[in-house]
Structures are given as structure tokens and as C-alpha cells.
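First the structure, in the form of C-alpha cells, and then the observations on it.
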Amino acid sequence: MSNGILPPGHTLVETQDGSFTLFSEAFQEACHSTTGARAETLLHYVEGCQIVSKLRQHSPLNILEVGFGLGIGFLTTLEVVGTERPWHFISMEIDRNLLEWFRQKFSDHSFLKNLQWKKLGDLEVLEAEALGCKLTILCGDGRKTLPMYVSYVAVKWHAIYQDAFSPKRNPILWTKEWFKFLKEHADHDVILSTYSASTSIRKSLTASGWQVKKGEKFGPKRTSTRATLTGETDPEIILQMERSPALVLSDSNINDFLTK
Ligand SMILES: C[S@@+](CC[C@H](N)C(=O)[O-])C[C@H]1O[C@@H](n2cnc3c(N)ncnc32)[C@H](O)[C@@H]1O
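Here it is, written out as C-alpha cells:
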């Protein structure tokens, strides 16, 4: 990635594995760990959601990403799995400038050169499709666009990359209501994976019916989180949640959560 034109309100940050991320002025946070944007994406999302083995079980494999950012989630997935088997990557992004920047940046890319702005009912989407692989990015606030999308298109997610900015910066995408909605549109063997290991977030996941396990460590973070709709929550996590005063994050207590 060059230091050329950047999306407004963002600066480019080189991470320790040589890949780049963007720092958002609006959210005052970088889109990835400075230990490595690509390495983190590979570990938490492509491997964390077991994409390679899931691709053999589902056709197409439906991957939902919460927060498109600069597209590293999609690009890393494409790099690992290619287009031999069908998969559909559905993402969401509130910042239209970021999406238009991405579209222009990849106008020569073998797959992404097909990206086009489209209308889907009341939604504005950026979409490309080729060789059984499809990318759909919903433009706007995911809390509104994703419910609209599932009212138009019947889809069950097999993998969820929960990659919003941190709960303190972007709480509306970490509430029990949000996780309940994701659950309602997920396949029974879905894996939801996230870099966050916050006890509040783990409580919000369990309060909405997810079973929570520890994920891999990455960089300075000692652990992360994986959630499924089968199996049981890790007993160590249950104990940790019982002992912690951390709040279940809900649409009704976001302000309390932010001031704690
Ligand atoms: C951590 S970054 C995602 C990084 C991305 N997965 C990647 O690999 O490049 C989070 C993204 O979520 C977007 N976002 C924040 N709030 C949102 C919302 N309510 N709806 C949709 N996107 C949102 C931000 O603009 C930001 O680009």
C-alpha cells in the first residue's frame, strides 16, 4: 500500500508485519493491532472461523464481517481461499468515502475491478461477483443496513468476523441486542470470532445465547474470543464472568458502560 491519496479522516499506519492499517480520526483508533494487520486478520478471522474447512462443508460459504474498514478481512480471505469454491462475503461500512477509496484503489485487481455501486431496495451496496465468489458491502450504519439486507435476501452466516472498533469506541456494535440479531441469522454451526476479550462483551454474547470460548493471543493481548451456538461456554470464562462486575452491554446502558 502506498502513501498516496487516503480516505478523508484517516492516516496510514505501518504495522510490525509490514502490512498497513488506517487510523480513524472519527473513532480515534486504528483498524488493526499495530503488531500486524494481516497477521491479526489471518489468526482471528480466517483461522479463528476455520474458513478453509468450512468452505468444504458449505456452498456457498456465507461470511459476515462487522466493519469493512480498508478491506483486509476480505483481501486476506481471498488470498487464502481463492475462488475455486463458492463463497459470499457480506460486510458493512458506515464511511462511504472509505468504500469509494477502496473501489478506486483496486480498479485493476482481477476480482475487485468488478466492484460496482448498486441499489438493493433502499440499500446502497458496493458489489462484485465472479467465479462463484461474491463480495457485498452494505453502505451505512450496520445496525440499520444489515436488518434491511436480511429482509431482502435469505441468508444464514457460517462465519462472523466481529471486527468493529473497540467496545469503548463503537459500543453499538457490541450489545446483547446486536449479538442476538447476529444469532438469529446464523447457521447452527457458525463461528463468531473477535479480537476482543472484554468481559462485558463475553457477558453480552452469553446473555444473547452464544457459547463463549477463549481465542488465540495476539500481540500484547493475552487472549481473544470465539463464540458458537453449540457446545458449552468454557468453565474458566463462566467463573471469570461471575467474579467480574463488568456490565452486560445493552442498547439501554451504553452511557453507563462508557463512563465506567
Ligand atoms: C476495525 S475497522 C474494520 C477493519 C476491517 N475489518 C479490515 O480488515 O480492514 C471498523 C470499521 O467499522 C466501521 N464502522 C463503525 N461503525 C459502524 C457502523 N455502525 N456500521 C457500519 N460500519 C461501521 C468503521 O468506519 C471502520 O471502518
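Counting in UniProt numbering, the sequence shown runs from 1 upward without gaps.
Just so it is clear, CB atoms sit at the ideal spot from N, CA and C, and this is done for glycine as well.
Since this is a predicted model, take the numbers as computed values, not measurements.
Residue i: first and last residue of the uninterrupted alpha helix (DSSP H) it sits in
{"i": "N62", "result": "Element bounds for N62: not the alpha helix (DSSP H) but the beta strand (DSSP E), 61 to 66."}
{"i": "E79", "result": "72 to 81"}
{"i": "G142", "result": "142 to 152"}
{"i": "E100", "result": "96 to 105"}
{"i": "K214", "result": "Looking at the DSSP string, K214 is not in any alpha helix (DSSP H); the run it does join, the beta strand (DSSP E), is 211 to 215."}
{"i": "A39", "result": "37 to 41"}
{"i": "I90", "result": "Unbroken run through I90 is the beta strand (DSSP E), 87 to 93; no alpha helix (DSSP H)."}
{"i": "Q57", "result": "51 to 57"}
{"i": "A207", "result": "199 to 207"}
Residue i burial status per 10 Å Cβ neighbour count (16 or more: buried)
{"i": "T206", "result": "buried"}
{"i": "E84", "result": "exposed"}
{"i": "V52", "result": "exposed"}
{"i": "D251", "result": "exposed"}
{"i": "I72", "result": "buried"}
{"i": "H44", "result": "buried"}
{"i": "K213", "result": "buried"}
{"i": "E40", "result": "buried"}
Distance, residue j Cα to residue i Cα
{"i": "T233", "j": "K113", "result": "43 Å"}
{"i": "N3", "j": "K105", "result": "Low per-residue confidence applies at N3: pLDDT is 49, beneath 50, and the placement is therefore not dependable enough to give any value."}
{"i": "L135", "j": "I90", "result": "6 Å"}
{"i": "V155", "j": "W210", "result": "19 Å"}
{"i": "A30", "j": "Y152", "result": "33 Å"}
{"i": "M241", "j": "E93", "result": "31 Å"}
{"i": "G48", "j": "L61", "result": "15 Å"}
{"i": "R169", "j": "V150", "result": "26 Å"}
{"i": "P8", "j": "D141", "result": "18 Å"}
{"i": "H10", "j": "K54", "result": "34 Å"}
{"i": "S107", "j": "N97", "result": "15 Å"}
{"i": "I238", "j": "L70", "result": "35 Å"}
{"i": "R38", "j": "F111", "result": "19 Å"}
{"i": "V46", "j": "A186", "result": "17 Å"}
{"i": "Q50", "j": "P245", "result": "32 Å"}
{"i": "T175", "j": "R143", "result": "11 Å"}
{"i": "F102", "j": "P235", "result": "42 Å"}
{"i": "T145", "j": "D17", "result": "33 Å"}
{"i": "Q57", "j": "L78", "result": "18 Å"}
{"i": "P171", "j": "Q28", "result": "14 Å"}
{"i": "G215", "j": "H109", "result": "33 Å"}
{"i": "L76", "j": "R243", "result": "According to the sequence shown, residue 76 is Thr rather than Leu. If I take the Cα positions, the gap works out to 38 Å."}
Segment limits, beta strand (DSSP E) that includes residue i
{"i": "D189", "result": "186 to 194"}
{"i": "S24", "result": "20 to 24"}
{"i": "V248", "result": "Run containing V248: none; DSSP gives neither H nor E here."}
{"i": "A227", "result": "224 to 228"}
{"i": "V125", "result": "123 to 130"}
{"i": "L173", "result": "Taken as a continuous stretch (DSSP letters only), L173 belongs to no beta strand (DSSP E), as it is neither H nor E."}
{"i": "T11", "result": "10 to 14"}
Nearest-angstrom beta carbon gap, residue j and residue i [assumed within contact, 8 Å]
{"i": "L99", "j": "F68", "result": "7 Å"}
{"i": "T228", "j": "I191", "result": "6 Å"}
{"i": "V13", "j": "L6", "result": "The Cβ separation is near 11 Å, so there is no contact."}
{"i": "I63", "j": "A159", "result": "5 Å"}
{"i": "L249", "j": "P167", "result": "6 Å"}
{"i": "S208", "j": "F179", "result": "4 Å"}
Residues near residue i in its chain [Cβ-Cβ closer than 7 Å; skip 5 each side]
{"i": "M148", "result": "G121, D122, L123"}
{"i": "L131", "result": "T83"}
{"i": "P219", "result": "Checking the displayed sequence, the identity of residue 219 turns out to be Gly instead of Pro. Hits under 7 Å: S33, T35."}
{"i": "W87", "result": "L55, P60, L61, I63, V81, C133"}
{"i": "L173", "result": "V66, G142, A164"}
Any chain D beta carbon closer than 8 Å to residue i
{"i": "T136", "result": "The chain labelled as chain D is not found in the depicted structure, where only one protein chain is given."}
Residues near residue i in its chain [Cβ-Cβ closer than 6 Å; skip 5 each side]
{"i": "T194", "result": "Q162, T225"}
{"i": "T34", "result": "T15"}
{"i": "V125", "result": "K118, T136, L138"}
{"i": "G231", "result": "Q211"}
{"i": "E177", "result": "D251"}
{"i": "E25", "result": "G9"}
Own chain residues within Cβ distance below 8 Å of residue i, not counting five before or after
{"i": "L247", "result": "S200, K203, N253, D256, F257, K260"}
{"i": "F74", "result": "E65, F68, F89, S91, L135"}
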